[in-house]
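These protein sequence lines are chains G and L, in that order. As numbered in numbering that gives the first Met the number 0, residues 0 to 135 make up the first sequence, in order. As numbered in numbering that gives the first Met the number 0, residues 0 to 305 make up the second sequence, in order. We put the CB at the ideal spot given by N, CA and C, even for glycine. Values in this document were obtained by computation on a predicted structure and should not be read as measured data.
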Amino acid sequence: MKKRILIAKVGLDGHDRGAKVVARALKDAGYEVIYTGIRQSPEQVVETALQEDVDLIGLSCLSGAHIPLFKRVMELLKEYNLNIPVFCGGTIPPDDVPVLKKMGIAEVFGPGSSLKLIVEKVRKLLGEGEDNGGNT
Amino acid sequence: MEEILEKIKAGNRTALSRAITLLEKDRDFRKEIIKRIHKCCGKARIVCFTGPPGVGKSTLIDQIIGILLSRGKKVGVILVDPRSPYTGGSLLGDRIRMQRHATNPNVFIRSLSTLGDPSGLSRIVKDVIKLMDAFGMDYIIVETVGTGQIAVDVSHICHTTILVLMPNMGDDIQMMKAGIMEVADIFVINKADLPGADLTEGYLKSTVNENNVPVVKTVAYNRATVVPLVDLIEKYVEIPMPRKISKMKGLLKSMVLDYIEEKTLEYLERSKDIENYAEKVANEEIDYYTALEKIYEKLTKEVLCK
Chain G
0 MKKRILIAKV GLDGHDRGAK VVARALKDAG YEVIYTGIRQ SPEQVVETAL QEDVDLIGLS
60 CLSGAHIPLF KRVMELLKEY NLNIPVFCGG TIPPDDVPVL KKMGIAEVFG PGSSLKLIVE
120 KVRKLLGEGE DNGGNT
Chain L
0 MEEILEKIKA GNRTALSRAI TLLEKDRDFR KEIIKRIHKC CGKARIVCFT GPPGVGKSTL
60 IDQIIGILLS RGKKVGVILV DPRSPYTGGS LLGDRIRMQR HATNPNVFIR SLSTLGDPSG
120 LSRIVKDVIK LMDAFGMDYI IVETVGTGQI AVDVSHICHT TILVLMPNMG DDIQMMKAGI
180 MEVADIFVIN KADLPGADLT EGYLKSTVNE NNVPVVKTVA YNRATVVPLV DLIEKYVEIP
240 MPRKISKMKG LLKSMVLDYI EEKTLEYLER SKDIENYAEK VANEEIDYYT ALEKIYEKLT
300 KEVLCK
């Protein structure tokens, strides 16, 4: 049974290259990746995570509004009683990383993060060993 | 099991979602839950969309969901996308076109990847349909990987099979080919605002229309063009018994074949017969038909006759 990962773009932001590249890398690493498309509200993201019963959520935001948007996602996850780990990426200033981690976001990948690192960390978040789940 | 069933019947979305995952994971759970719910199913209308990639199935379904919702219906949607035979990974992207319905409490959308099934249907689709039916959906829409000509299997598990095509997809010879063209209940020519739509309609009507199968032209993002298609879907009449039986014959046959295939693959993986005999055939010790006979003999003894 393949693990399922939701890749979601929150807020009014059309920069989807990063999210697509990460989605593709995770697909190539052997995961089932569900992509929401751009301009999603936190409500849409959490409702999608519920309907698709995913094991992990990856949020992407390059508009600068990551703090309020990701915060709302984390609140809704709690409200829905969904215990799903979350990682995020985008143009996130280093100063914001501790703020996001405090919200409960497990990993933050800023500009320049390598795909190899992202896949490795995702494996860890999903509780998988090095050689589980196909090729890297 | 009882608990999860009660929750599904009471309309708990999280329970439905979890149950679908369990269906996928666990063969015994699959059998057990279907045996228990099959009596409370049968209310939903099942509509299946198939057709080549890129003709606009997802966008069309998005519009249809909207129209059905405005008519007060509850809609379940199952989207099937391919899985890589190399990495096992998949990118499930049909949902993008219908995210505007994501937060509507009367819609439940689930993406599945094909488990290496050439018919374009994940084997558990029929079971997911039953769960959504028990959940209380009025309509269940299935979108399959666009394999086109070979996707006959889809017609066994749904009431209405809709083949979606678009202009300039080939001449009347293409339309005469066997397969999915023979099982469709409705033909849709989507993107009908492109040049060539009338010609495609002409080809369709002249070659496959001995049984008076309706042909509808749509432009998926234009709601007014899709309304007649939904009217047609809603006009559905009860399938006559002989046709129902022939559908069940098809379904049971493919289920038996699937079951044997699954068992056989398990055996082959365990026994390493393929590896052993491949070496012998490569070394020209024996020919491949002899190898086949030997493997089959062992397989019958250990799997089929047990």
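Any idea what DSSP makes of L/E283, helix, strand or coil? Under the three-state reduction of DSSP, L/E283 is assigned to coil, being neither helix nor strand.
Along chain L, in chain order, which residues have C-beta atoms closer than 8 Å to that of G/K26? Listed along the chain, the chain L residues whose CB falls inside 8 Å of the CB of G/K26 are S83, T86, G88, S89, L90.
Quick one, which of G/V98, G/D94, G/G89, G/P93 has its alpha-carbon nearest G/G57's? When only C-alpha atoms are compared, the closest one is G/G89.
Beta-carbon proximity check, L/V187 vs L/V215, cutoff 7 Å: A contact, by the Cβ cut-off of 7 Å.
Helix, strand or coil: how does DSSP classify G/K115 here? Secondary structure at G/K115: helix, using DSSP grouped into helix, strand and coil.
C-beta neighbour in chain G for L/A14, strict 7 Å: It does not; no Cβ of chain G falls within 7 Å.
Between the C-alpha atoms of G/G10 and G/Y34, what's the straight-line distance to the nearest angstrom? Each residue's Cα considered, the two are about 15 Å apart.
Nearest to L/Q98 by alpha carbon, out of G/R38, G/P97, G/G111? Among G/R38, G/P97, G/G111, the Cα nearest to that of L/Q98 belongs to G/R38.
Looking at the C-beta of G/I6, does it have a partner C-beta in chain L at a distance below 7 Å? Using a CB distance cut-off of 7 Å, G/I6 does not count as an interface residue toward chain L.
Judging by CA-CA distance, which residue of L/V54, L/V46, L/A196 is the nearest neighbour of L/I63? The shortest Cα separation from L/I63 among L/V54, L/V46, L/A196 belongs to L/V46.
Quick check on G/E78 - is its C-beta less than 7 Å from some C-beta in chain L? G/E78 does not count as touching chain L.
With distances taken from CA atoms, which of L/I139, L/G135, L/Y287 is nearest L/A9? The residue with the shortest Cα to Cα distance from L/A9 is L/G135.
Measuring only between beta-carbons, confirm whether L/R122 sits less than 7 Å from chain G. For L/R122, no CB of chain G lies under 7 Å from its own CB, so it is not counted at the interface with that chain.
Let's test the definition: count the other Cβ atoms within 10 Å of the Cβ of G/R3 and tell me whether it reaches 16, buried, or not, exposed. Looking at its Cβ environment, which holds 16 or more other Cβ atoms inside 10 Å, G/R3 is buried.
Going by DSSP, name the residue or residues bridged to L/F28. DSSP lists no partner for L/F28.
Less than 7 Å between C-beta atoms, sequence neighbours within five positions excluded: which residues of the same chain meet that for L/R94? Result list for L/R94: L78, I108, S110, in chain order.
Mind checking if L/Q98 is an interface residue toward chain G, Cβ cutoff 7 Å exclusive? Interface with chain G (7 Å Cβ-Cβ cutoff): L/Q98 is included.
So is L/V207 buried or exposed if we call it buried at 16+ other beta carbons inside 10 Å? Residue burial annotation: L/V207 is buried, with at least 16 other C-beta atoms found within 10 angstroms of its C-beta.
Name the residue from G/Q43, G/D54, G/G29, G/P97 whose alpha carbon lies nearest to the alpha carbon of G/K8. Nearest of G/Q43, G/D54, G/G29, G/P97 to G/K8, Cα basis: G/Q43.
Cβ-based contacts, 8 Å cut-off: residues of the region 27 to 39 of chain G near chain L: Among the residues of the region 27 to 39 of chain G, those with a Cβ less than 8 Å away from any Cβ of chain L are D27, A28, G29, Y30, E31, V32, I33, Y34, T35, G36, Q39, in the order of the chain.
Can you name, in chain order, every residue of its own chain whose Cβ lies under 8 Å from the Cβ of L/C304, other than the five neighbours on each side? Setting aside the 5 residues that flank it on each side, L/C304 has no residue in the same chain whose C-beta is closer than 8 Å to its C-beta.
Tell me whether L/D132 sits in a helix, a strand or coil according to DSSP, three-state version. In the displayed model, L/D132 falls within a helix according to three-state DSSP.
From the DSSP secondary-structure annotation, give me the bridge partner or partners of G/I56. G/I56 is bridged by DSSP to G/L5, G/V85.
Can you tell me whether L/A289 is buried or exposed? The criterion is at least 16 other CB atoms within 10 Å of its CB, across all chains shown. As written in the sequence, residue 289 of chain L is Thr, which differs from the Ala given in the question. Exposed, by the Cβ-count rule.
If you follow the alpha helix (DSSP H) that L/I108 is in, where does it begin and where does it stop? DSSP places L/I108 outside any alpha helix (DSSP H); the residue lies instead in the beta strand (DSSP E), whose first and last residues are 106 to 112.
Taking CB distances under 7 Å as the criterion, tell me whether G/D52 reaches chain L. It does: the Cβ of G/D52 has a partner Cβ on chain L nearer than 7 Å.
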